[in-house]
Each structure stands twice: as C-alpha cells, then as structure tokens.
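Q: So in our numbering the end of the sequence shown lands on 213, straight run, no missing numbers.
In this text, a Cβ means the ideal position worked out from N, Cα and C, and glycines have one as well.
Keep in mind the model is a prediction, meaning the values are calculated, not measured.
Would you mind keeping the following structure in view while I ask a few things?
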Amino acid sequence: MSTTFSNRQFDLARAQLVDLLQKKGISDTAVLDAVGSLPRHAFVQEVFKPKAYDDSALPIECQQTISQPFTVAFMTQLLQVRRGDKVLEVGTGSGYQACILAHMGARVFTIERHFDLLEHARRRMEALGYNIASKVGDGSIGWSQFAPYNGIIVTAGAPDVPVSLLRQLADGGRLVIPVGDQATQDMIVVQRQGDEFVHSKNAGFKFVPLVGKEGWSK
Ligand code: SAM
C-alpha cells in the first residue's frame, strides 16, 4: 500500500481531526479554525506524515515530540488568546503550537533549548509565512526582554510553576503549564489579577520534561 498522501487526503484528514476535537469538547472556534487551517503534516518527518492528523503525539528531531492535537487545542483554549495578545511559548519543538497561536493573531515569542530543533522549526514557520520571534535558551526562566505577556504556554512538563514565568505575566494574563512528576502532569492555569495569582487545574497529561534552572535537571 502506498504511504504517499495527496493534498486532498491531507485536507480530508485535517477536517476529520477538527470534528474529533469538537466531539472531545474543544469549542473555541478560533482554535478549531487554526487546527483546520494549519498543515500539521509540514511539521513532521516524511515517515510520520501519514499519521499527521491522528490525534496522537509524534516523534520529532532531538528525541522530542510534537504534542497530541487535542492537547494543543485544549491548552490553547485554556490560554484564551485574543488577536494582538503577546504570547510566550516555552518549548518550540516542531513550531506547530507557535504557528497555531500566530494564526489566531497573537504576537508570538518562542524559546527552545535544542538549537537543531529550533533551526528546523524556524524554517517551517518562515515557509508558512508566520512572523514569530524565537531564540535558543532555557525557557523555564522566561524571556524577560519582551515581558509582560498576556499569555504564557509551556509545552513541557515542569516539577513546579516557575516563579520567573509568573513574574513575566501581564495583569489579567494567563499561564498554562503541565506540572507534576515525569510520568504524569496536571494542566495548571494561573491567572494574574494584580498581585494575586489564581490557580485551577485539569488532571491527566504526559509531556517530555522541562529541563532548566526552574525545571528538571535532566
Ligand atoms: N510545542 C511543540 C510543538 O508544537 O511541536 C512541542 C513541544 S515538545 C512536547 C517540548 C519541547 O520543550 C521540546 O522540544 C523540548 O526540547 C523543549 N524544552 C524542554 N525544556 C525546555 C526549556 N527549559 N526551555 C525551552 N525548551 C524546552
């Protein structure tokens, strides 16, 4: 059986993925539109393209993963992105989540600790025409130069909520971050209200570790 997909097959598979995400409870139409518009198959290696629209995480370079589409959509919905928001992503990976945010009209800043991964991601983001600021570094301490952010999304699992990220949230801003041990994490949402930080959580996620000064040591 041939594993070469036509654009039409990708379009069909992407539309089916959007239906599935809706059935799983994603209701933010801007998120659904972004998932329905972005070619996820452009963010994975050739061998994984036939699975690009399965609702599953897939391997990318440097032993990392592109997150499961439901997780991307769920976290983005929790972030409550509005056009023009300044959003920091920690963990660029393939660049897919950053492009979802940019497609929704956010001004996106993204940090990745692996240089090679960021180089691949930059090429994809540029090829798709998104203007996204990116750098190699330890995102567990944020990117203070451009703070404060209306939203911060961390796409790797942390042992605790990094204090540096809380400090870089704008008033009314939201941080979405998986926190737990290295086996499973809860999805934590922190909303800044002046000097108060209001937490809520959803259980049952599994991410690669956030490695850094305010993350895991390895
Ligand atoms: N958002 C990505 C995407 O759309 O493909 C998926 C990210 S993957 C699940 C998590 C990423 O976080 C990995 O690429 C990993 O190298 C990165 N990472 C882990 N710790 C980090 C840190 N302290 N700073 C920046 N990136 C980090």
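1. Just checking residue 112 against the ligand SAM - is the residue's beta carbon closer than 7 Å to any of the ligand's heavy atoms?
2. Just to confirm, is the Cβ distance from residue 156 to residue 174 under 8 Å?
3. Tell me the rounded alpha-carbon separation between residue 110 and residue 131.
4. I need the DSSP call for residue -3, collapsed to helix, strand or coil.
5. Please indicate yes or no: does the CB of residue 133 lie closer than 7 Å to some heavy atom of the ligand SAM?
6. Report back the beta-carbon spacing between residue 12 and residue 64 to the nearest angstrom; my notes put them in contact at under 8 Å.
7. Enumerated in chain order, which unbroken segments of the beta strand (DSSP E) with a length of 3 residues or greater are wholly contained in the region 30 to 109?
8. Rounded to the nearest angstrom, what separates residue 10 and residue 32 at their Cα positions?
9. Rounded to whole angstroms, what is the Cα-Cα separation between residue 180 and residue 41?
10. Taking C-beta to C-beta, are residue 70 and residue 90 nearer than 8 Å?
11. Is the Cβ-Cβ distance between residue 147 and residue 170 less than 8 Å?
12. Judging by CA-CA distance, which residue of 172, 139, 166 is the nearest neighbour of residue 150?
13. Between the region 74 to 89 and the region 112 to 119, do three or more beta carbon pairs fall short of 8 Å?
14. Roughly how many whole angstroms lie between the Cα atoms of residue 204 and residue 176?
15. Taking the beta carbon of residue 218 as the centre, do at least 16 other beta carbons fall within 10 Å, making it buried, or is it exposed?
A: According to the data block:
1. Yes; taking the cut-off as 7 Å, the Cβ of residue 112 has a heavy atom of the ligand SAM nearer than that.
2. Yes, the pair counts as a contact, with Cβ atoms nearer than the cut-off.
3. Computed Cα separation, rounded: 6 Å.
4. With a pLDDT of 45 at residue -3, under the threshold of 50, the predicted position of this residue should be treated as unreliable, and no value is reported.
5. Yes, the Cβ of residue 133 comes within 7 Å of a heavy atom of the ligand SAM.
6. So it is a contact: roughly 6 Å between Cβ atoms.
7. If we require 3 residues or more, the beta strand (DSSP E) runs fully inside the region 30 to 109 come out as 81 to 85, 102 to 107.
8. Whole-angstrom Cα-Cα distance: 9 Å.
9. Each residue's alpha carbon lies about 30 Å from the other.
10. The answer is no: Cβ separation not under 8 Å.
11. Closer than 8 Å, so yes.
12. Ranking 172, 139, 166 by CA distance to the CA of residue 150 puts 172 first.
13. By the criterion of at least three beta-carbon pairs nearer than 8 Å, the region 74 to 89 is in contact with the region 112 to 119.
14. Roughly 9 Å separates the two Cα atoms.
15. Because the chain is modelled from -4 through 213, residue 218 falls outside the range shown and cannot be assessed.
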